[in-house]
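A.B. asks: This is the structure, below, for whatever I ask next.
Residue numbers (the working numbering): 464 to 847.
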């Protein structure tokens, strides 16, 4: 493990430059060409010939080292947010994963097992890992490890199940002053549904969420809008309850369409499932983080951290998604303040620590057959 940590330290300057370059070039889901080129380019400089466009995604990549034994996947993300850039710190995640993989590759001689680095695009919008799962990129993986920047060191964060709903109401245009009675107002229909959803919040569990934005409300104030659209997110810590919420939210807009005389079109995304933190893997990561000077804490009842497609991975293979603080105190994610934090010296220090902890935990999996066994037993026990 000391050799792994030393190998991360040996690449510290290069890893820092990589993270800062990606931070300076934020890219949205499925458009992460600069980030993918930078990460794959560095891997190739280091003699790791990563495969591009794995799983049918142009900005995904993968590379593997080692032979035989168990296979550990280390996951990295690198997409950004519209308007605020790397306000979720994905510039750090992709770089840490690369650093962990290269350090492991350097010390695998004589150790049976494989490590697979998977570059995962489109976490923020697009469920990239769902596509990678269906594309076979996780085939043969025994454990999946990743970390996420945050404002608290947390080993088992609550990540909600989530699904997107794109709704479109179609009406009929007319002059808003001369002949409003000839129109069918799609915006009014959308707002009826929106207000019904707002009222629904009072009738659902307090741990669930419904929110969204209006993406089209018409083109001119003197034209009755013939189209209005919104993107909604529905979340819950319970996959079964989420299915019921989907039905109830859609009913809000079905009723609104009927009342307003509009046609409704709705399209659901794939579901991001709840992250199932694997206890044996989490304990191994926490022990390694402790040796590096960081104490991992259990989640607090009041804490939620949004949603992630890592949940879908964790339903298929044992996995972890711990948070490591890059700030001195509370700073909300998806904010300009967090974007600024994601390029600060503390963030870079934590990124390198994360690379070490991920690599050390992967070594535990490869060297200790009982850990793989316990991780799989815990995983199968949660699924049953």
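Using N, Cα and C, we set each Cβ at its ideal position, and we do this for glycine too. If you're wondering where the values come from, they're calculated on a predicted model, not measured in any experiment.
Specify whether the region 555-562 and the region 607-621 touch according to this definition: at least 3 beta carbon pairs, one from each stretch, less than 8 Å apart.
C.D. replies: Touching, per the Cβ criterion.
A.B. asks: Below 8 Å on the Cβ atoms is my contact criterion, and I expect residue 603 with residue 524 to pass it. Report the Cβ-Cβ distance as a whole number of Å.
C.D. replies: Wrong, their Cβ atoms sit about 17 Å apart, outside the cutoff.
A.B. asks: List the whole-angstrom C-beta distance separating residue 535 from residue 578, where the pair is believed to meet the contact cut-off of C-beta under 8 Å.
C.D. replies: Correct: roughly 5 Å between the Cβ atoms.
A.B. asks: Helix, strand or coil: which one does DSSP assign to residue 486?
C.D. replies: Note: residue 486 maps to helix in three-state DSSP.
A.B. asks: Based on the DSSP output, what are the partners of residue 728 in its beta bridges?
C.D. replies: 631, per the DSSP bridge assignment.
A.B. asks: Go ahead and label residue 556 buried or exposed: buried means 16 or more other beta carbons lie within 10 angstroms of its beta carbon, across all protein chains shown.
C.D. replies: Buried is the call here.
A.B. asks: Look at the alpha carbon of residue 464 and the alpha carbon of residue 764, and state the distance between them as a whole number of angstroms.
C.D. replies: Distance between the alpha carbons of residue 464 and residue 764 is about 34 Å.
A.B. asks: Taking residue 819 as the reference, give the member of 725, 761, 748 with the closest Cα.
C.D. replies: Closest option to residue 819, Cα to Cα, is 748.
A.B. asks: How many Å lie between residue 810 and residue 669 at the Cα?
C.D. replies: Going by the C-alpha atoms only, they are around 33 Å apart.
A.B. asks: Looking only at DSSP bridge pairs, what is residue 524 linked to?
C.D. replies: Answer by DSSP bridge pairing, in chain order: 515, 582.
A.B. asks: So, using beta-carbon positions, are residue 823 and residue 751 closer together than 7 Å?
C.D. replies: Yes, the pair counts as a contact, with Cβ atoms nearer than the cut-off.
A.B. asks: Rounded to the nearest angstrom, how far is the Cβ of residue 647 from that of residue 729, given a contact under 8 Å?
C.D. replies: No, residue 647 and residue 729 are not in contact; Cβ-Cβ is about 18 Å, not under 8 Å.
A.B. asks: Using three-state DSSP, classify residue 477 as helix, strand or coil.
C.D. replies: Three-state result, residue 477: helix.
A.B. asks: Kindly indicate which three-state DSSP category residue 760 falls into: helix, strand or coil?
C.D. replies: Note: residue 760 maps to strand in three-state DSSP.
A.B. asks: Which parts of the region 759-847 are runs of the alpha helix (DSSP H), unbroken and 4 residues or longer, counting only runs that do not cross its ends?
C.D. replies: For the region 759-847, whole alpha helix (DSSP H) runs of length 4 or above, ordered along the chain, are 773-779, 799-804, 808-830, 832-846.
A.B. asks: To which residues of the same chain is residue 798 closer than 8 Å at the C-beta, ignoring the five residues directly before and after it?
C.D. replies: 547, 550, listed in sequence order.
A.B. asks: Return the residue from the list 517, 484, 492, 704 that minimises the CA-CA distance to residue 501.
C.D. replies: Residue 484 is the option with its Cα nearest to residue 501.
A.B. asks: For residue 540, which beta-bridge partners are listed by DSSP?
C.D. replies: 583.
A.B. asks: Alpha carbon to alpha carbon, how far is residue 570 from residue 713?
C.D. replies: Their backbone Cα atoms lie some 53 Å apart in a straight line.
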